[in-house]
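A.B. asks: Before I ask anything, let me first share the structure, which is written out below as structure tokens.
In the UniProt record's numbering, the protein residues as written are 1 to 129.
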């Protein structure tokens, strides 16, 4: 990865997300399920408002911890990611999963694990509101 992109993704994206969540206003949450090539995924639809510039007032779908590869442990350690096998039941993606091991920069560290190949997705709502 380009070092400037790595800095951007590791430094600014979490800060931007934190600012949006701190200053935004989540009013309600309801379940939403979407179908993917790997299986169904259940997340949350939230109403999000932000009175800054630009102003935001819409529903968004939030999916936390969608696995994109098999855990990089055992024979998969230090190798290219192996695509995640499809799942048969609906995957609950309403909570964050572990982050990859890293040197702590802050006093509060989320759970860390080698099993950390997950995506968190915030998207305009797929439902018509």
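By construction, the Cβ of each residue, glycine as well, lies at the ideal position given by its N, Cα and C atoms.
I need the straight-line Cα distance from residue 80 to residue 119, nearest angstrom please.
C.D. replies: For the purposes of this step, residue 80 is taken as residue 80 along the chain shown, with counting starting at 1. For the purposes of this step, residue 119 is taken as residue 119 along the chain shown, with counting starting at 1. C-alpha separation (whole angstroms): 17 Å.
A.B. asks: Could you give the C-beta distance for residue 114 and residue 67, rounded to a whole number, given that I count them as a contact under 8 Å?
C.D. replies: Residue mapping note: residue 114 aligns to position 114 of the chain shown, counting from 1. Residue mapping note: residue 67 aligns to position 67 of the chain shown, counting from 1. Their Cβ separation, rounded to whole angstroms, is 13 Å, which puts residue 114 and residue 67 out of contact at 8 Å.
A.B. asks: Please report the distance separating the alpha-carbon of residue 51 from that of residue 110.
C.D. replies: Your numbering for residue 51 matches position 51 in the chain shown. Your numbering for residue 110 matches position 110 in the chain shown. So the alpha carbons of these two residues sit roughly 29 Å apart.
A.B. asks: With DSSP as the reference, label residue 75 as helix, strand or coil.
C.D. replies: One-based indexing of the chain shown puts residue 75 at position 75. Helix, per DSSP.
A.B. asks: Which same chain residues end up closer than 6 Å to residue 40 when comparing Cβ atoms and leaving out the 5 residues on each side of it in sequence?
C.D. replies: Numbered from its first residue, the chain shown carries residue 40 at position 40. Taken in chain order, the residues that qualify are 33 and 90.
A.B. asks: Would you call the CB atoms of residue 42 and residue 93 closer than 8 Å?
C.D. replies: Here residue 42 is taken as the residue at index 42 of the chain shown, counted from 1. Here residue 93 is taken as the residue at index 93 of the chain shown, counted from 1. For residue 42 and residue 93, yes; Cβs fall inside 8 Å.
A.B. asks: Measure the alpha-carbon distance for residue 59 versus residue 36 and round it to whole angstroms.
C.D. replies: Position 59 of the chain shown holds residue 59. Position 36 of the chain shown holds residue 36. Rounded to the nearest angstrom, the two C-alpha atoms are 21 Å apart.
A.B. asks: Rounded C-beta distance between residue 29 and residue 46? I'm assuming under 8 Å.
C.D. replies: One-based indexing of the chain shown puts residue 29 at position 29. One-based indexing of the chain shown puts residue 46 at position 46. Yes, residue 29 and residue 46 are in contact; Cβ-Cβ is about 5 Å, under 8 Å.
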